[in-house]
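Under full-length UniProt numbering, the first residue of the sequence shown is numbered 1, with each subsequent residue one higher. Every residue, glycine too, gets a C-beta built ideally from N, C-alpha and C.
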Amino acid sequence: MCGIVGYIGKREASPILVEGLSKLEYRGYDSAGVAIIEKEDIKTTKCKGRLLNLQEKLEETPIKGNIGIGHTRWATHGEPSDRNSHPHSNEDETISVVHNGIIENYLHLREWLTSKGYKFVSETDTEVIPHLVNYYYKGDLLQAVMAATSKMEGSYAIGVVCSKEPDKIVAVRKDSPLIVGLGEDEYFIASDIPAVLNHTRDVYLLNDREYVLMTKDGVKLFNEEGEEVNKEIYHVTWNADAAEKGGYEHFMLKEIHEQPKAIKDTMTSRIIPGKSITLDEINITKEEIENINKIYIVACGTAYHAGIVGKYVIEKLARIPVEVDIASEFRYRNPIVDKNTLMIVISQSGETADTLAALREAKAQGARVIAVTNVVGSSVSREADDILYTWAGPEIAVASTKAYETQLIAMYIIGLFFAENKGTVSKDELEDLKNEMLSLPEKAEECLKHKEVVQKFASKTYMHKDMFFLGRGLDYAVAMEGSLKLKEISYIHSEAYAGGELKHGPIALIEKGTIVIALATQEDLFEKMVSNIKEVKTRGANVLALALEGHEEVEKTVDSAIYIPKVNPLFAPLLSVIPLQLYSYYSAVQKGCDVDKPRNLAKSVTVE
Ligand code: M6R
């Protein structure tokens with residue numbers, strides 16, 4: 001939640017900060033602001049609303065200076081307003097701070113600072129930071145920030161400027177992401193790599209409690225004891241274009257179309273016919289795999305839905321019991337974990353607070369943890385024992401699409417890897433499954449061609465207030481994901497149900513004209529699903545069905561049908577989700593919704 005940036009160099013800071021914030025808007029977009037050192041003073045412009053409002057203000061009244069910090073907000077403490085927007089300052093505006101995270105003990109700090117005469121003007125937790133830094137400031141900004149952060153509990157990535165030391169930016173992270181961009185005689189801080197990619201590909205991926213001291217002459221890193229730290233430079237190999245719309249109207253549409261490539265990239269060098277599956281960053285031994293008595297897959301939102309597919313796949317292929325948990329539930333339910341428990345956390349961003357907390361909980365109880373994540377160097381990747389990166393490339397749209405696809409691929413890879421090690425699948429079957437997997441990018445490409453049918457169905461249904469998604473087995477897992485996509489970007493209420501569960505209650509809601517999207521890709525459950533479709537049709541529902549090619553008989557029962565290429569049903573989720581993503585996309589477009597930045601949401605939920 002929230003994106004922060006900082007710039008120090010020879011160029012005008014204002015446009016660079018705004019451009020960096022535009023790349024981070026996916027992290028929050030209810031207000032934005034910058035603080036720039038102009039001559040010897042800090043000048044701040046901030047306002048409620050999209051970045052465009054800030055840009056307009058800066059055009060009317062430009063701020064000139066080569067050092068500054070910026071922020072794009074997703075409100076947690078205090079409503080979106082000009083007053084609550086960042087940067088926040090101390091009383092005489094000599095210290096200015098941008099912050100991503102939550103200061104959990106802010107009320108206590110606020111009371112304490114108030115008792116010392118400090119005055120607060122916002123409702124935010126962040127405002128305690130500039131006052132604390134002010135309290136500890138004795139002529140050295142880095143020391144003051146270190147002292148201030150030693151009193152702060154919670155999560156933070158902060159950037160600080162001070163007009164008394166107008167040649168510096170100080171920054172630090174704890175449980176919120178922060179990177180440092182290393183340009184030529186110019187340096188950056190940012191919550192995420194795309195914010196600096198137009199200027200440099202060399203970055204430092206900071207660890208928790210590492211402090212950054214940036215001047216025009218360079219960057220120094222310190223640990224919390226104040227000792228200088230040497231860090232390897234991480235060279236970003238993907239291009240800035242990967243984080244641009246590339247001619248598509250929305251990032252989401254672009255990312256949907258990038259799925260065949262993302263699937264392929266995630267399999268490359270891992271799934272090779274005739275060769276054992278090798279996973280570079282998973283060091284679990286054959287013996288350890290044999291000893292696993294239980295797997296927990298823990299994640300949030302779309303990643304959780306990928307986990308549900310993972311359960312089916314791993315149980316089927318490797319015959320290990322799998323429980324899937326929502327991370328925010330897992331962390332507080334005292335789960336039964338021991339050294340033979342394996343946890344798989346799935347997180348596109350690798351920074352989701354609940355997922356990270358669940359990972360820590362499991363590790364503390366002795367479990368081994370595999371992280372499936374899309375972000376190199378993210379918190380979950382650092383804290384897990386093993387990593388399986390999903391090579392989806394940067395996902396900018398808040399609604400996850402290509403990351404989900406690659407998370408599914410990760411589930412198949414892990415399932416096959418365990419099956420190979422445990423010998424639960426024959427060599428021939430394993431080869432067949434690998435070959436089938438390798439055909440998926442091409443089949444996913446085919447699914448994109450359903451655009452017109454989907455668009456037509458969306459144009460007839462986008463005004464509905466409620467919808468149902470039905471499926472059995474793996475189709476039920478995909479139904480959940482289709483329903484979430486529709487809710488989050490088109491604001492249409494929808495529910496996903498297991499086909500067999502319908503008659504235990506929800507069928508009471510089906511009436512003439514109710515929209516039902518029924519998935520029927522699972523061969524062994526096809527007839528049963530057709531019966532469920534008939535149950536809703538009899539009660540007047542308008543049904544769109546998704547089935548495998550070769551099951552055209554479904555047309556006799558439904559109003560519209562989409563066929564996905566014939567595939568082993570185990571892999572059908574990868575294909576059947578594509579028309580559902582397109583359906584939510586076109587429904588949102590028809591309704592005039594802001595597809596890439598849906599209301600109330602942020603891409604990366606780094607607060608509890
Ligand atoms: O970065 P993560 O994968 O941990 O994020 C988890 C969820 O917040 C995320 O999938 C969310 O549900 C998306 N908005 C779904 O489109």
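task: For residue 589, write down the residues that DSSP places opposite it in a beta bridge.
output: According to DSSP, residue 589 bridges with nothing at all.
task: Tell me whether residue 603 counts as near the ligand M6R, meaning its Cβ is closer than 8 Å to at least one heavy atom of that ligand.
output: yes
field: residue 332 to residue 60 span [Cα, whole Å]
entry: 50 Å
field: residue 350: CB within 8 Å of a non-hydrogen atom of the ligand M6R
entry: yes
- request: Compute the minimum distance between the beta carbon of residue 408 and the heavy atoms of the ligand NAP, and state whether it is under 8 Å.
  value: The model depicted lacks the ligand NAP and carries the ligand M6R instead.
- request: Kindly indicate which residue of 45, 26 and 39 has the alpha-carbon position closest to the one of residue 33.
  value: 45
- request: Go through the segment 508-579 residue by residue and report every complete run of the alpha helix (DSSP H) that reaches 4 residues or more, in order.
  value: 526-538
- request: Kindly identify the DSSP beta-bridge partner or partners of residue 300.
  value: According to DSSP, residue 300 bridges with nothing at all.
- request: Starting from the C-beta of residue 554, find all residues in its chain whose C-beta is less than 7 Å away, skip the five residues before and the five after it, and write them out in chain order.
  value: 520, 530, 545, 547 and 561
Given 8 Å, three or more beta-carbon pairs between the segment 336-346 and the segment 299-308: yes
message: Taking its Cβ as the centre, do 16 or more other Cβ atoms sit within 10 Å of residue 449, making it buried, or is it exposed?
response: exposed
- prompt: CA-CA distance, residue 612 and residue 309?
  reply: Absent from the model: residue 612. The displayed extent of the chain is 1 to 608, so no value can be given.
query: Which residues mark the beginning and the end of the alpha helix (DSSP H) in which residue 476 is found?
result: 474-490
- prompt: Taking the alpha-carbon positions, what's the residue 315 to residue 181 distance?
  reply: 43 Å
- prompt: To the nearest whole angstrom, what separates the beta carbons of residue 598 and residue 488, a pair I think is in contact under 8 Å?
  reply: 5 Å
message: Starting from residue 96, trace the alpha helix (DSSP H) in both directions and tell me its first and last residue.
response: Premise fails: residue 96 lies in the beta strand (DSSP E), 95-103, not in any alpha helix (DSSP H).
message: Is residue 347 close to the ligand M6R? I mean its beta-carbon at under 8 Å from any heavy atom of the ligand.
response: yes
Short Cβ contact (9 Å threshold) for residue 516 with residue 470: yes
message: So the candidates are 25, 146 and 320; which of them puts its Cα closest to the Cα of residue 601?
response: 25
- request: Quick one: give me the first and last residue of the beta strand (DSSP E) that residue 326 is part of.
  value: 322-326
field: Selection from 510, 533 and 482 that minimises the alpha carbon distance to residue 500
entry: 533
The segment 102-120 touching the segment 50-67, judged by at least three CB pairs closer than 8 Å: no
field: C-beta contact flag for residue 194 and residue 23 at 9 Å
entry: yes
query: Can you tell me whether DSSP reads residue 583 as helix, strand or coil?
result: helix
field: Helix, strand or coil at residue 618 according to DSSP, with G and I counted as helix
entry: This structure cannot settle anything about residue 618, because the visible part of the chain is limited to 1 through 608.
- prompt: Are residue 141 and residue 113 closer than 9 Å when you measure CB to CB?
  reply: no
query: Which one of 261, 606, 150 and 447 has the shortest CA to CA distance from residue 356?
result: 606
- prompt: Secondary structure at residue 48, three-state DSSP: helix, strand or coil?
  reply: strand
- prompt: From residue 398 to residue 165, what does the alpha carbon distance come to, in whole angstroms?
  reply: 38 Å
message: For the segment 421-432 against the segment 440-460, do three or more pairs of beta-carbon atoms, one drawn from each stretch, fall closer than 8 Å, so that the two count as touching?
response: no
message: Going by the DSSP bridge assignment, what does residue 229 pair with across the sheet?
response: 221
task: Out of 396, 209 and 216, state which residue places its alpha-carbon closest to the alpha-carbon of residue 226.
output: 209
message: Along the chain, where does the beta strand (DSSP E) containing residue 258 start, and where does it finish?
response: First-last for residue 258: undefined, no H or E at that position.
- prompt: Is the beta carbon of residue 115 within less than 8 Å of some heavy atom of the ligand M6R?
  reply: no
- prompt: Looking at the structure shown, is residue 336 part of a helix, part of a strand, or coil, going by DSSP?
  reply: coil
query: Thinking C-beta only, is residue 172 closer than 9 Å to residue 187?
result: no
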